[in-house]
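Engineer: This is the structure, below, for whatever I ask next.
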Amino acid sequence: MSFEDLVAEAAAVSVDGWDFSWLDGRATEERPPWGYQRLMGERMARASVALDIQTGGGEVLAGVPRLAPTTVAVEAWPPNRRRAADHLLPRGAHVVADDGEPPFPLRANTFDLVVSRHPVRAWWDEIARVLAPGGTYLSQEVGQGSGAELVEFFLGPQPWADRNPQAARAMAEAAGLEVVDLRTARLRTEFLDIGAVVYFLRKVIWMVPGFTVDAYRPRLRDLHEKITADGPFVAHTTRFLIEARKPRWARDGDRGDT
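Quick note: the sequence shown uses full-length UniProt numbering, first residue 1, plus one each step.
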């Protein structure tokens with residue numbers, strides 16, 4: 001396919017939800033060795049009341065074999081929320097609207113499991129507030145400088161935000177949680193054609209803020225020519241897994257229910 005055909009195809013496809021299957025055969029992403037969805041499923045099978053923060057389209061949560069008897073998913077973006085409802089309501093879960101920032105529309109000391117995959121930001125005080133005493137928070141986060149090679153191809157050198165696991169540990173502990181597991185991984189991603197790049201940047205909107213095909217067409221053409229001449233464009237991502245527990249003696253009702 002020509003540059004124009006690849007770009008037009010990727011610009012027309014829906015990017016709602018958090019399903020990346022459109023990239024099958026067009027991009028590859030190395031996965032973290034710990035298997036976040038498997039770990040989440042193991043903990044969900046033991047939970048009674050569970051919460052998924054920033055659920056996106058609910059795809060990850062819907063992929064676990066067994067949900068907790070009471071499972072709540074929160075999501076801010078309406079198109080994703082509709083997809084989450086399609087995925088999760090048939091499983092008996094509740095989908096709740098929020099605005100992506102504190103306070104969560106949830107009561108304190110409620111959930112024995114809270115999960116979140118790739119949160120834009122972890123609001124640690126709120127996580128601690130809604131966790132029941134003895135409850136667990138499990139999250140896979142995007143680390144510092146993820147996709148730097150791709151971002152900087154379009155934007156030039158960037159002052160990367162501090163998203164490192166030790167900072168996450170410090171914030172969790174400051175919120176009164178005990179970190180019981182912390183792991184990191186550096187992973188390889190390959191984009192096999194320019195359509196994959198266009199789709200990815202349309203979907204992961206914070207990578208190149210304000211990305212549109214028209215605004216970046218000359219740079220997209222440069223990258224298309226590079227891929228055609230040299231093969232897949234390689235970028236690297238970082239991920240970290242963090243698991244934290246609220247002490248059994250702790251209560252946060254004095255912070256106020258919402």
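Built from N, CA and C at the ideal position, the CB exists for glycine as well.
Computed from a predicted model, the values in this text were never measured in an experiment.
(1) Taking DSSP as the reference, what is the three-state secondary structure of residue 165?
(2) So, using beta-carbon positions, are residue 218 and residue 191 closer together than 9 Å?
(3) Using three-state DSSP, classify residue 20 as helix, strand or coil.
(4) Inspect the beta-carbon positions of residue 242 and residue 194 and report whether they are closer than 9 Å.
(5) So, for residue 76: in the same chain, excluding its five sequence neighbours on each side, which residues have a beta-carbon less than 8 Å away from its beta-carbon?
(6) Flag this pair as yes or no: are the beta carbons of residue 240 and residue 185 separated by less than 9 Å?
(7) Secondary structure at residue 245, three-state DSSP: helix, strand or coil?
(8) Does the region 73 to 93 come within contact of the region 139 to 157, defined as at least 3 CB pairs closer than 8 Å?
(9) Grab the span of the beta strand (DSSP E) containing residue 94 for me, first residue to last.
(10) Is residue 38 helix, strand or coil by DSSP?
(11) Quick check for students: name the residue ranges of the alpha helix (DSSP H) that lie wholly in the region 152 to 225, counting only runs of 4 or more.
(12) CB residue 49 to CB residue 68, shorter than 9 Å?
(13) If we count the other Cβ atoms within 10 Å of its Cβ and call it buried at 16 or more, is residue 225 buried or exposed?
(14) State the Cα-Cα distance for the pair residue 134 and residue 248, rounded to the nearest angstrom.
(15) With burial defined as no fewer than 16 other Cβ atoms inside 10 Å of the residue's Cβ, what is the status of residue 18: buried or exposed?
(16) With distances taken between CB atoms, is the gap from residue 138 to residue 114 smaller than 9 Å?
(17) What are the uninterrupted segments assigned as alpha helix (DSSP H) that are 4 or more residues long and contained completely in the region 88 to 153, given in chain order?
(18) List the residues that DSSP assigns as beta-bridge partners of residue 29.
(19) Just the C-alpha distance for residue 14 and residue 236, rounded to the nearest angstrom, thanks.
(20) Cα-Cα, which of 147, 172, 169 and 24 is closest to residue 160?
(21) What does the Cβ neighbour count give for residue 33, buried or exposed, with the cut at 16 atoms within 10 Å?
(22) Between residue 141 and residue 183, what straight-line distance do the alpha-carbon atoms span, to the nearest angstrom?
Structural biologist: Let's see:
(1) Reading the sequence shown from its first residue, position 165 is the one you call residue 165. In the structure shown, residue 165 adopts helical secondary structure according to DSSP, grouped into three states.
(2) Your numbering for residue 218 matches position 218 in the sequence shown. Your numbering for residue 191 matches position 191 in the sequence shown. No, Cβ-Cβ distance for residue 218 and residue 191 is not below 9 Å.
(3) The count along the sequence shown starts at 1 and reaches residue 20 at position 20. In this structure, residue 20 counts as coil in the three-state DSSP scheme.
(4) The residue given as residue 242 occupies position 242 in the sequence shown. The residue given as residue 194 occupies position 194 in the sequence shown. Contact: no.
(5) Residue mapping note: residue 76 aligns to position 76 of the sequence shown, counting from 1. Taken in chain order, the residues that qualify are 54, 97, 98, 99 and 100.
(6) Here residue 240 refers to the residue found at position 240 when the sequence shown is read from its first residue. Here residue 185 refers to the residue found at position 185 when the sequence shown is read from its first residue. Yes.
(7) As a working note, residue 245 is residue 245 in the sequence shown. In this structure, residue 245 counts as strand in the three-state DSSP scheme.
(8) Not touching, per the Cβ criterion.
(9) Taking the first residue of the sequence shown as position 1, residue 94 is located at position 94. Annotation: the continuous beta strand (DSSP E) that includes residue 94 extends over 94 to 97.
(10) As a working mapping, residue 38 is identified with position 38 in the sequence shown. In this structure, residue 38 counts as helix in the three-state DSSP scheme.
(11) Within the region 152 to 225, the complete alpha helix (DSSP H) runs of at least 4 residues are 165 to 174 and 194 to 203.
(12) Residue mapping note: residue 49 aligns to position 49 of the sequence shown, counting from 1. Residue mapping note: residue 68 aligns to position 68 of the sequence shown, counting from 1. Contact flag set, yes.
(13) For the purposes of this step, residue 225 is taken as the residue at position 225 of the sequence shown. With fewer than 16 other beta carbons inside 10 angstroms of its own, residue 225 counts as exposed.
(14) The count along the sequence shown starts at 1 and reaches residue 134 at position 134. The count along the sequence shown starts at 1 and reaches residue 248 at position 248. The straight-line gap from Cα to Cα measures roughly 4 Å.
(15) Position 18 of the sequence shown holds residue 18. Per the 10 Å Cβ criterion, buried.
(16) Counting from one through the sequence shown, the residue named residue 138 turns up at place 138. Counting from one through the sequence shown, the residue named residue 114 turns up at place 114. Remark: C-beta atoms of residue 138 and residue 114 approach each other more closely than 9 Å.
(17) Assignment of alpha helix (DSSP H) within the region 88 to 153, counting only whole runs of 4 or more residues, yields 124 to 130 in chain order.
(18) Residue mapping note: residue 29 aligns to position 29 of the sequence shown, counting from 1. Residue 29 is bridged to 189.
(19) On the sequence shown, position 14 is the one that residue 14 refers to. On the sequence shown, position 236 is the one that residue 236 refers to. Within the model, the alpha-carbon separation for residue 14 versus residue 236 is close to 25 Å.
(20) Numbered from its first residue, the sequence shown carries residue 160 at position 160. With distances taken between Cα atoms, residue 160 lies closest to 147.
(21) Here residue 33 refers to the residue found at position 33 when the sequence shown is read from its first residue. Burial call: exposed.
(22) Residue numbering aside, residue 141 sits at position 141 when the sequence shown is read from its first letter. Residue numbering aside, residue 183 sits at position 183 when the sequence shown is read from its first letter. If you draw a straight line from the Cα of residue 141 to the Cα of residue 183, it comes to about 10 Å.
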